[in-house]
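Peer 1:
Residue numbers (our numbering), protein chains in the order written: chain A, 116 to 212; chain B, -8 to 141.
Printed below as a string of structure tokens:
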């Protein structure tokens, strides 16, 4: 697992690229694999939620996510967190450059 | 050890357990939408009988041909205001509902991600506005090698 973030601010708009290490595994009866995929992804900035996504196995392995939000400035921090269908979670704080 | 910590600054900083209650309640009401094998059923779970129409203010950027169905780049955006939710469907995937995005106050309605496509299919973007109406954009992507093998 692991979250990588590239985040830049221009004219108070933050552009955030997330790369999350996660198998986003599809259930497969032949190989006895059970589904394991991120089903909630949240990003907060200054206490406000700025990105809310409910993914499924339809999102590729090691998800890439890009989004933008207003009201940001350089040096601000964002809080990225996800939860998967097995209850596993990960959270990290990142600085906007 | 110190050096390793230094390298981590600005990158991944913390690993922790989160209480599920930190999350919004969408999945309590709509987790089932992700389990349907047909796009109309999944849309019905999300939006009931809401009116839906194609809208040029809704933009779905996908490649015409995807060589690798395992990671098809998608950008979804709209110039509509008062957007409350966006959702993405691949009609012929075993589970057509790919993802749902809730739109927050400061969110710009322009997202990119990579999706799985099992075979050539229509991709449908649905944008829901505050008045409850649905605005859609549809494009076909031809898939050379499918990406839904587990």
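No residue lacks a Cβ here, since even glycine has one placed at the ideal position from N, Cα and C. The structure displayed is predicted, hence computed values, not measured ones.
#1: Taking the continuous alpha helix (DSSP H) assigned at residue 34 of chain B, which residues delimit it?
#2: Would you list the one or two residues that DSSP bridges to residue 93 of chain B?
#3: Count the other CB atoms, across all protein chains shown, that sit within 10 Å of the CB of residue 161 of chain B; report buried if there are 16 or more and exposed otherwise.
#4: Taking residue 29 of chain B as the reference, which of B:46, B:57 and B:82 has the closest Cα?
#5: Count the other CB atoms within 10 Å of the CB of residue 203 of chain A; is the residue buried (16 or more) or exposed (fewer)?
#6: Assuming residue 130 of chain B and residue 117 of chain B form a contact by the criterion Cβ under 8 angstroms, report the distance between their Cβ atoms to the nearest whole angstrom.
#7: Do you know how far the Cα of residue 91 of chain B is from the Cα of residue 46 of chain B?
#8: Buried or exposed, going by whether 16 or more other CB atoms sit within 10 Å of the CB of residue 207 of chain A?
#9: Figure out for me which residue from A:128, A:126 and A:172 has the closest Cα to the Cα of residue 105 of chain B.
#10: Just the chain B side, please: which residues come within less than 8 angstroms of residue 186 of chain A by C-beta, in chain order?
#11: Who are the near neighbours of residue 137 of chain A in its chain, counting only those whose CB is closer than 6 angstroms to its CB and skipping five residues on each side?
#12: How should residue 136 of chain B be labelled, buried or exposed, when 16 other C-beta atoms within 10 angstroms of its C-beta is the threshold for buried?
#13: Interface residues of chain B around residue 189 of chain A at Cβ under 7 angstroms?
#14: Quick one: which residues of the segment 58 to 91 of chain B get their C-beta closer than 7 angstroms to a C-beta of chain A? List them in chain order.
#15: Within 10 angstroms of the Cβ of residue 93 of chain B, are there 16 or more other Cβ atoms? Answer buried if so, exposed if not.
#16: Going along chain B, which residues have a C-beta under 9 angstroms from residue 178 of chain A?
#17: Shorter than 9 angstroms from the beta carbon of residue 42 of chain B to some beta carbon of chain A?
Peer 2: To lay it out plainly:
#1: Counting along the chain, the alpha helix (DSSP H) containing residue 34 of chain B begins and ends at 30 to 38.
#2: DSSP, once it has assigned bridges, lists A:167 and B:76 as partnering residue 93 of chain B.
#3: Outside the displayed range of chain B (-8 to 141) lies residue 161 of chain B, so it cannot be described from this structure.
#4: The alpha carbon of residue 29 of chain B has as its nearest neighbour, out of B:46, B:57 and B:82, the alpha carbon of B:82.
#5: It is exposed - the Cβ of residue 203 of chain A has fewer than 16 other Cβ atoms within 10 Å.
#6: The pair is not a contact, with the Cβ atoms about 13 angstroms apart (cut-off 8 angstroms).
#7: Rounded to the nearest angstrom, the gap between the Cα atoms of residue 46 of chain B and residue 91 of chain B is 19 angstroms.
#8: Buried: at least 16 other Cβ atoms inside 10 Å.
#9: Of the candidates A:128, A:126 and A:172, A:172 places its Cα closest to the Cα of residue 105 of chain B.
#10: Contact of residue 186 of chain A with chain B by beta-carbon distance below 8 angstroms involves 97.
#11: Setting aside the 5 residues that flank it on each side, residue 137 of chain A is surrounded in the same chain by 153, each with a C-beta closer than 6 angstroms to its C-beta; the list follows chain order.
#12: Exposed is the call here.
#13: Going along chain B, no residue has its Cβ under 7 angstroms from residue 189 of chain A, so there is no contact; the nearest lies around 13 angstroms.
#14: Only those residues of the segment 58 to 91 of chain B whose C-beta falls short of 7 angstroms from the nearest C-beta of chain A are listed: 61, 62, 81, 84, 86, 88, 89, 90 and 91.
#15: Counting of Cβ neighbours within 10 angstroms places residue 93 of chain B among the buried residues, the total reaching 16 or more.
#16: Using a Cβ-Cβ cut-off of 9 angstroms, residue 178 of chain A is close to 104 and 105 of chain B, given in chain order.
#17: Residue 42 of chain B does not count as touching chain A.
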